[in-house]
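**Q** Chains as they are written, first to last, in the numbering used here: chain L, 457 to 1005; chain Y, 248 to 407. Backbone N, C-alpha and C define an ideal beta-carbon position, used for all residues, glycine too.
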């Protein structure tokens, strides 16, 4: 079909079953916006381009597919970078379209010119600068294919404005053959057999899951594997929603912000089965390799295997496929004693945190998240920001096969939660969507409240306020001792109730634990956006365990 | 682990930005490049980047794996000196006058180099060889005064 490049881009998006994209217009994307105007693809106008990438991330994660965002050249494109880098660290498939100045003038420092291909090199799985209009069908096909296969990630296509206007013969390319890109999907069967042998010989095994489970759509296969092998499961921040948190086999989050008993279990296990996790510094900060322990590492990205911990049985492949093969074997091990020990610890720790009270009688954020979680229906999505709220949410949101948890795990991007929840709600209008955030995070991209209203999205925003940048404050305390706080006091907060009102969003304030039930009922019984401000004691720790020890 | 010098032959697709992606990866991940050269192969769609790096086995494994993840990288071969032929080209401009000119030309001939330019005050020599040979020649002409020195960095090909 004859059409211009801009129309081809929009047509490709439409045919990829992506009904909504997130963007901000500008001079260098005029033809793309003109093509969008005439298309069925819905455009959500963000308030800052960074949010466009986060919304696309929430959308893609909600749909288990690709999210698309769009920005103009120069500052539009550079504003996207934080969002792109966030997606890159968490292996979230995005296709990012940016406009570029006239191709004949690239390099001459034109108005709103920025080398976005160069600047996003470290943060994209791949990127393209379109120099010839005829390349666009190939680049589009490759971009969408690369973003959503192998270890997923963002791919950027930068299109100069003159090229957007060029007429081409457009047909969607189905056969994609990229010489340098051949991800391994199936695990090596011999290695899998070795893994089974190790599993059957182990006495204290533990499964550690990360984002690879949800990314490969492998929740069901993981559930089957645990059911068959009866091995306890721990997770990284990205893996919170990989496995039913209510299950007796679920132990919890590991690492610097995990329960101490989980880290202890990790250290005393004789076999660690890592699936779709890269075991980065935060996950392994409390982990000490012992020579009696074997490690099986299953990951789609060969570069992650052996990078952070020494591996005994490496299996390169898609977590889903490897689990499927694993499930065809018999597991004869018996680790019930080990499992009971871990299970009892979990019950004990969870209870003590929920019973924990500060003198001030303000809201216990863990109790709050626990209650919020119980109000959410089965198919629900919680997005969490970065900092204390993220950890409280990770521990007390009951993730499961049908309940997703989106957060910025790798890059730790404050501000992620609100825009990600918008993308998630648009992708999954029938799911309950809750955005958990703090006053630091929400104010990073506060303008997106307007998008919540504009799109009339039924999102419940749980805003935990303690007039502090809580996690940094804690880091200062741990590193420099008492009274060492600096730059972490939020001395002025807007009146969030009035703020909600001015955005025409319902505002609710919870000040003590006693009010939680009633106020949450008020919030969840009504449709429509709601901002729930919860007053948390500044001294309430991320994890209260060090106070007991 | 022992730190060793490796010559990596990286076959890449000829797209704009590919060299930048490869070179950028080394910088980002903190690997040092000793030398790098690049040119088209017999197939105009592909180029060959030859990179010399120093690192232990673990670093080299990571470099190779990370490079392999770049979409435009087709193949990486670690060319050990035993199984490959390695050469670099060097131009060296040495300060020289009528009296010592012949002496330098003689040394050049012994090293199978070529004298490519002569002026009243200097002589320019082209020399191809492995790095040891080129280094030896540099030492030899140093006393005359080296005005300028350019080296291409190693390029290499597998034997057989």
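Quick one: using the 10 Å Cβ neighbour count with 16 as the cut-off for buried, is residue 771/L buried or exposed?
**A** buried
**Q** How many Å lie between residue 792/L and residue 661/L at the Cα?
**A** 11 Å
**Q** Following the continuous alpha helix (DSSP H) through residue 489/L, name the residue where it begins and the one where it ends.
**A** 486-493
**Q** In the DSSP assignment, what are the bridge partners of residue 429/L?
**A** Nothing in the structure corresponds to residue 429/L, since chain L is present only between 457 and 1005.
**Q** When DSSP labels each residue in this structure, what does residue 809/L get in the three-state scheme?
**A** helix
**Q** What separation, rounded to the nearest whole angstrom, lies between the Cα atoms of residue 878/L and residue 739/L?
**A** Roughly 28 Å separates the two Cα atoms.
**Q** When you compare the CB positions of residue 830/L and residue 838/L, do they come within less than 9 Å of one another, or not?
**A** Judged by their CB atoms, residue 830/L and residue 838/L are not nearer to each other than the 9 Å cut-off.
**Q** Based on the DSSP secondary-structure assignment, which residues constitute the bridge partners of residue 401/Y?
**A** Beta-bridge pairing links residue 401/Y to no other residue.
**Q** Indicate whether residue 331/Y and residue 405/Y have their beta-carbon atoms separated by less than 9 Å.
**A** yes
**Q** Pull up the distance between the alpha-carbon of residue 729/L and that of residue 664/L, whole angstroms please.
**A** 6 Å
**Q** For the stretch 273-302 of chain Y, which residues have a beta carbon sitting closer than 7 Å to at least one beta carbon of chain L?
**A** Of all residues in the stretch 273-302 of chain Y, 275 have a Cβ within less than 7 Å of some Cβ in chain L.
**Q** With burial defined as no fewer than 16 other Cβ atoms inside 10 Å of the residue's Cβ, what is the status of residue 383/Y: buried or exposed?
**A** exposed
**Q** Extract the residue ranges of the alpha helix (DSSP H) inside the stretch 510-572 of chain L, only unbroken runs of 4 or more that lie entirely within it.
**A** 531-545
**Q** Locate the alpha helix (DSSP H) running through residue 824/L, then write down its first and last residues.
**A** Taken as a continuous stretch (DSSP letters only), the alpha helix (DSSP H) holding residue 824/L covers 821-831.
**Q** So if DSSP puts residue 358/Y in a beta bridge, which residue, or which two residues, is it bridged to?
**A** For residue 358/Y, which the question treats as bridged, DSSP gives no partner whatsoever.
**Q** So, with DSSP's three-state summary, where would you put residue 972/L?
**A** Here residue 972/L sits in helix by DSSP.
**Q** Could you give the first and the last residue of the continuous alpha helix (DSSP H) run that contains residue 406/Y?
**A** First-last for residue 406/Y: undefined, no H or E at that position.
**Q** What residues of chain Y sit near residue 642/L, judged by a beta carbon separation below 8 Å?
**A** By Cβ distance, chain Y contributes nothing, its closest Cβ being about 18 Å from residue 642/L, past 8 Å.
**Q** Using the three-state DSSP reduction, which class does residue 839/L fall into: helix, strand or coil?
**A** Residue 839/L: strand per DSSP, three-state reduction.
**Q** For residue 966/L, list the residues DSSP reports as bridge partners.
**A** 990/L
**Q** Please go through the same chain and pick out, in chain order, the residues whose beta-carbon is closer than 7 Å to the beta-carbon of residue 481/L, but skip the five residues on each side of it.
**A** Cβ within range, chain order: 489, 528.
**Q** Are the C-beta of residue 1003/L and some C-beta of chain Y separated by less than 9 Å?
**A** Summary for residue 1003/L: the model assigns pLDDT 49, below 50, so the residue's position carries little reliability; its value from the coordinates is reported in the next sentence. Not an interface residue.
**Q** Considering just the uninterrupted stretch of the alpha helix (DSSP H) at residue 626/L, what are its terminal residues?
**A** Unbroken run through residue 626/L: none, as it is neither H nor E.
**Q** Please list the residues of the stretch 575-589 of chain L that have a C-beta atom closer than 9 Å to any C-beta atom in chain Y, keeping them in chain order.
**A** Near chain Y, meaning a CB-to-CB distance below 9 Å, the residues of the stretch 575-589 of chain L are 577, 578, 581, 582, 583, 584, 585, 587.
**Q** Distance cutoff 9 Å, beta carbons only. Does residue 758/L sit that close to anything in chain Y?
**A** Yes, because at least one Cβ of chain Y sits closer than 9 Å to the Cβ of residue 758/L.
**Q** Smallest Cα separation from residue 918/L: which of 932/L, 933/L, 939/L, 895/L?
**A** Comparing Cα positions, the closest option is 895/L.
**Q** With H, G and I counted as helix, E and B as strand and the rest as coil, what does DSSP make of residue 977/L?
**A** helix
**Q** Go ahead and pull the three-state DSSP assignment for residue 741/L.
**A** DSSP, read as helix, strand or coil, puts residue 741/L in coil.
**Q** Compare the C-beta of residue 937/L with all C-beta atoms of chain Y and state if any pair is closer than 9 Å.
**A** no
**Q** Is there at least one Cβ from chain L nearer than 9 Å to residue 255/Y's Cβ?
**A** no
**Q** Please report the distance separating the alpha-carbon of residue 333/Y from that of residue 395/Y.
**A** Their backbone Cα atoms lie some 23 Å apart in a straight line.
**Q** I need the straight-line Cα distance from residue 720/L to residue 298/Y, nearest angstrom please.
**A** 44 Å
**Q** Quick one, which residues of the stretch 620-646 of chain L are near chain Y if we go by CB-CB under 9 Å, in chain order?
**A** 634, 635, 636, 637
**Q** Quick check for students: name the residue ranges of the alpha helix (DSSP H) that lie wholly in the stretch 897-954 of chain L, counting only runs of 4 or more.
**A** Counting only runs that start and end inside the stretch 897-954 of chain L, the alpha helix (DSSP H) elements of at least 4 residues fall at 905-910, 926-936.
**Q** How many angstroms separate the CA atom of residue 965/L from the CA atom of residue 599/L?
**A** 45 Å
**Q** Classify residue 611/L: buried if its beta carbon has 16 or more other beta carbons within 10 angstroms, exposed otherwise.
**A** It counts as buried.
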